[in-house]
Amino acid sequence: MLVELAAETNILRIDWVKFTFGLIALAVVYFFVARKAVPKVMKVLDERHDAIEGGIERAQRAETEAEEIRQQYREKLEEAHREYAQELEKAKEQRAAIIAEAREEAQVEARRIVEAAQAQIEADRQQAFVQLRNEIGSLSTDLAGRIVGETLEDSAAQNRVVDRFLEELEQNESTEQAEVR
Amino acid sequence: MSADARFLAAEPGCHLFPGEGEAGCGFEAPSVGMFSPEPWLGGIPGSDGIDLYLVLLLVALGASLLLWSWFSKKLNLVPGRRQGVGEMFVLFIRDQITRPTMGAKGDKFIPLMTAIFTLILFMNVSGLIPGMLPVNSDLSFPAMFALFIFVLTLVVGMRQQGGWGYIRNQIFPPGMPKPIYILVTPIEALSVFLIRPLTHALRLFATMFAGSLLLAVFAYGGWYMLSLGAEPALAGLSVLFSGAALIGYLLFFLFEILIMLVQAFIFTLLASLYLNGSLESAH
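Heads up: the protein sequence lines correspond to chains L and F, in order. Note that numbering that gives the first Met the number 0 gives residue 77 to position 78 of the first sequence, counting from 1, and the numbers run on in steps of one. Note that numbering that gives the first Met the number 0 gives residue 49 to position 50 of the second sequence, counting from 1, and the numbers run on in steps of one.
In structure tokens form, the structure reads like this:
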């Protein structure tokens, strides 16, 4: 009885059956946790980590890409501005050139017209002068003949008279002009 | 005094103030006998046989397996509440137990530490069921855990550092003046190969043992003091007494939950710490 009591109340005894069953329980839990649970959880944690890292990487890549495109766009815009300015400059030059050319042409044309007009006038004047001279000649002769009552048939003589007359007239005229000046 | 001694105090007729025609009887506090439940299957040589402890062990084992199969089913990249808690559990083992003691090279022990922590926790928590005991209040189980860890530290240490190398690193801590070793070596040898595994087991056992004994005292005492059969004045007083005992019981119940958690954590942390001595050549 005493031995039994001592055995029953010895709290520091180690029972091999309990020990063994405890070890088996630990082994079962360990194999379950180590084979199934923890690797699955770790895998998901790693996957999530990768997904987040990948997301950040993708975002960074997109950002750099956007920055590149923005840069390109800006360059293109600047180029377009530059081209536009060049075109404008060129157009201005062309306009100036066209205007200058047109002006020159106009001037040439004007000069030509003026010259032609002057030549025409000169010719007309000459013609008028010659005609006038002839008419004045014949008129004067007629007049003189009627006044004198005789007809000067001799044309040579007639011409001589007329020429002399005209010369006198011219002389008078030039002296008058000289005097006026 | 048999294992049933603890039930004597709880017998209906035995209260602080005996009623009419009842014989008064003294309070028999719960004794260590409560940790030796009657075996259902005795006769195993050198053993107490199959008793409540092994049933509770089975329950703790089942609970551990259920918990981890629940935590590890249908895992998604975007975690739900259940998965979040499971992940927190694993990360807790990693960031609070293996990483601080062993660093990243201890990551291969995460499953083992998770298993030990979970199993010990459930083996402690079984004591919260009224009338039951923490499985670890029988020294056999903490001793099994501690011995397992001790053997594991030896195996891992000798593999990592060589048979003599491991022992030398343990009992001759490097970086000390030679004469000091006369003092240090026996202490270290005793500490590493005897005291460590012993205290490792005893710490868990003693806290569970004392905690459940304390709870039992409050429960039995409260029941003993409740004397509803006595005359009204005394019955009222007895209600006051057992009310105080109930409050004490509830407070220590909460405290016990904390201790069960903390002891499971400390056991696992120490196991991890001892393993670190095997992984590192010098500590």
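Using N, Cα and C, we set each Cβ at its ideal position, and we do this for glycine too.
Give me, in chain order, the residues of the same chain whose beta-carbon lies closer than 7 Å to that of F:A218; leave out the 5 immediate sequence neighbours on both sides.
Sequence index remark: in the second sequence, residue 218 of chain F carries index 219 (1-based). Around F:A218: Y248.
Check whether the segment 62-82 of chain F touches the segment 238-247 of chain F, taking contact to mean three or more Cβ pairs, one atom from each stretch, closer than 8 Å.
The segment 62-82 of chain F, when compared against the segment 238-247 of chain F, does not touch it at the 8 Å Cβ threshold.
At least one CB of chain F closer than 7 Å to the CB of L:G54: is that the case?
On the first sequence, position 55 is the one that residue 54 of chain L refers to. Answer no: the Cβ-Cβ gap between L:G54 and chain F never drops below 7 Å.
So F:A270 packs on F:M112, CB below 8 Å; how close in whole Å?
By one-based count along the second sequence, residue 270 of chain F stands at place 271. By one-based count along the second sequence, residue 112 of chain F stands at place 113. Yes, F:A270 and F:M112 are in contact; Cβ-Cβ is about 7 Å, under 8 Å.
Where F:W222 meets chain L, residues with beta-carbon distance less than 9 Å
The residue labelled residue 222 of chain F in the question sits at position 223 within the second sequence. Under the 9 Å cutoff, chain L gives no residues; its nearest Cβ is about 23 Å from F:W222.
Rounded straight-line distance, which links the Cα of F:P176 to that of F:G130
Walking along the second sequence from the start, residue 130 of chain F turns up at place 131. Walking along the second sequence from the start, residue 176 of chain F turns up at place 177. Answer to the nearest angstrom: the Cα atoms are 57 Å apart.
F:S46: contacting residues in chain L (beta-carbon distance under 9 Å)
Along the second sequence, read from residue 1 onward, the residue named residue 46 of chain F stands at position 47. Below the 9 Å Cβ cutoff, chain L contributes D14, W15, V16, K17 as neighbours of F:S46, in chain order.
Any beta-carbon of chain F closer than 7 Å to the one on L:L1?
On the first sequence, residue 1 of chain L is found 2 positions in, with the first residue counted as 1. Low per-residue confidence applies at L:L1: pLDDT is 39, beneath 50, and the placement is therefore not dependable, though the value from the model is reported in the following sentence. Judged by the 7 Å Cβ criterion, L:L1 is not in contact with chain F.
When you compare the segment 56-64 of chain L with the segment 89-105 of chain F, are there three or more beta-carbon pairs, one atom per stretch, that lie closer than 8 Å?
Contact between the segment 56-64 of chain L and the segment 89-105 of chain F is absent: fewer than three C-beta pairs spanning the two stretches fall below 8 Å.
With 16 as the cutoff for other CB atoms within 10 Å, does L:R69 come out buried or exposed?
Here residue 69 of chain L is taken as the residue at index 70 of the first sequence, counted from 1. Exposed, since its Cβ has fewer than 16 Cβ neighbours within 10 Å.
Does the contact criterion of 3 or more C-beta pairs under 8 Å hold for the segment 165-182 of chain F versus the segment 222-241 of chain F?
Contact between the segment 165-182 of chain F and the segment 222-241 of chain F is absent, because fewer than three Cβ pairs lie under 8 Å.
Against F:D137, what residues of chain L qualify as contacts under a CB-to-CB distance less than 8 Å, listed in chain order?
Residue numbering aside, residue 137 of chain F sits at position 138 when the second sequence is read from its first letter. Contact annotation for F:D137 against chain L: D14, K17 [CB-CB distance below 8 Å, chain order].
Residues of the segment 36-50 of chain L with a CB closer than 9 Å to any CB of chain F: list them in chain order, please.
Residues of the segment 36-50 of chain L that bring their beta carbon within less than 9 Å of a beta carbon in chain F comprise A36, V37, P38, K39, V40, M41, K42, V43, L44, E46, R47, A50, in sequence order.
Kindly indicate the opening and closing residues of the alpha helix (DSSP H) around F:Q169.
For the purposes of this step, residue 169 of chain F is taken as the residue at position 170 of the second sequence. Its alpha helix (DSSP H) spans residues 162-170.
Interface partners of L:Y83 on chain F, CB under 8 Å
Along the first sequence, read from residue 1 onward, the residue named residue 83 of chain L stands at position 84. Within 8 Å Cβ-Cβ: nothing; L:Y83 doesn't reach chain F, min ~52 Å.
F:S71 beta carbon less than 7 Å from that of L:K35
Stepping through the first sequence from its first residue, residue 35 of chain L is reached at position 36. Stepping through the second sequence from its first residue, residue 71 of chain F is reached at position 72. Yes, the Cβ-Cβ distance between L:K35 and F:S71 is below 7 Å.
Return the chain-ordered list of same chain residues with a C-beta closer than 8 Å to the C-beta of F:A200, the five sequence neighbours on each side being excluded.
As a position in the second sequence, residue 200 of chain F is number 201, starting the count at 1. Here the set comprises L138, P141, A142, F144, A145, L146.
Kindly indicate which residue of F:P196, F:P178, F:W163 has the alpha-carbon position closest to the one of F:L151.
The residue you call residue 151 of chain F lines up with position 152 of the second sequence. It is F:P196 whose Cα lies nearest to the Cα of F:L151.
Cβ contact (3+ pairs, closer than 8 Å) linking the segment 117-127 of chain F and the segment 23-43 of chain L
A contact is defined here as three or more CB-CB pairs under 8 Å, and the segment 117-127 of chain F meets this definition with respect to the segment 23-43 of chain L.
Contact belief for F:N135 with F:F204 at Cβ below 8 Å, rounded distance in angstroms
Your numbering for residue 135 of chain F matches position 136 in the second sequence. Your numbering for residue 204 of chain F matches position 205 in the second sequence. Right, their Cβ atoms sit about 6 Å apart.
Contact under 7 Å by Cβ, L:V161 with L:G136:
Position 162 of the first sequence, counted from the start, is the residue given in the question as residue 161 of chain L. Position 137 of the first sequence, counted from the start, is the residue given in the question as residue 136 of chain L. Yes; because the gap between Cβ atoms is below 7 Å, this pair is in contact.
If we count the other Cβ atoms within 10 Å of its Cβ and call it buried at 16 or more, is F:G105 buried or exposed?
If you number the second sequence from 1, residue 105 of chain F lands on position 106. It is buried - the Cβ of F:G105 has at least 16 other Cβ atoms within 10 Å.
Short of 8 Å in beta carbon distance, which residues of its chain neighbour F:V155, apart from the five on each side in sequence? Order them along the chain.
Position 156 of the second sequence, counted from the first residue, corresponds to residue 155 of chain F. Cβ neighbours of F:V155 beyond the five flanking positions: L274, S277, L278.
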